[in-house]
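Trainee: With the UniProt record's numbering as the guide, the letters of the sequence shown map in order to residues 1 to 120.
We treat Cβ as the ideally placed atom computed from N, Cα and C, and that holds for glycine.
Right, I'll just put the structure down here and ask away after.
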Amino acid sequence: MRHTSFDGARGCYIEAALEVIADKWKGVILYHLLGEPKRFNQLKRTFPELSHRMLTRQLRELENDGIISRKVYPEIPPKVEYSLTDLGRLLEPTLLSLEVWGVRYIEMTRYSRNCQSDKS
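Below is the structure:
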């Protein structure tokens with residue numbers, strides 16, 4: 001359930017941020033958009049176990065939240081690219097910090113789950 005407003009109480013800002021980016025795929029989708037715009041199929045190939053429907057849903061939610069933009073080019077066949085908005089770009093240091101933390105976490109805990117997005 002998505003909130004429609006936040007009251008600014010302690011912890012509320014974290015709650016608001018996590019509500020936007022904390023779904024299973026959103027963080028890694030955003031991470032892969034840091035470098036350059038990507039087409040839908042580029043993202044789909046990055047996450048082969050992610051269904052077409054789920055990727056579409058995650059992208060729509062990120063677009064609705066103002067984190068990514070969807071640009072449709074007037075050509076045939078249709079070309080659509082996804083990129084970070086200015087608001088989405090503000091997440092770059094956070095995503096890079098999470099990457100560093102993830103490296104340390106894996107080293108310290110010997111976490112063994114395969115990361116599918118490394119296969120791109």
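Which residues bound the alpha helix (DSSP H) around residue 30?
Mentor: 26–32 is the extent of the alpha helix (DSSP H) around residue 30.
Trainee: What is the rounded straight-line gap between the Cα of residue 28 and the Cα of residue 96?
Mentor: Rounded to whole angstroms, residue 28 to residue 96 spans 11 Å at the Cα level.
Trainee: Which residue comes first and which comes last in the beta strand (DSSP E) that contains residue 84?
Mentor: Where residue 84 is concerned, the enclosing beta strand (DSSP E) stretches over 79–84.
Trainee: Three-state secondary structure (DSSP) at residue 68?
Mentor: Strand at residue 68.
Trainee: For the alpha helix (DSSP H) that residue 51 lies in, which residues bound it at each end?
Mentor: Unbroken run through residue 51: none, as it is neither H nor E.
Trainee: Is DSSP giving residue 110 helix, strand or coil here?
Mentor: If DSSP states are grouped into helix, strand and coil, residue 110 belongs with coil.
Trainee: On the CB-based measure, 16 or more other CB atoms within 10 Å of its CB, does residue 88 come out buried or exposed?
Mentor: It counts as buried.
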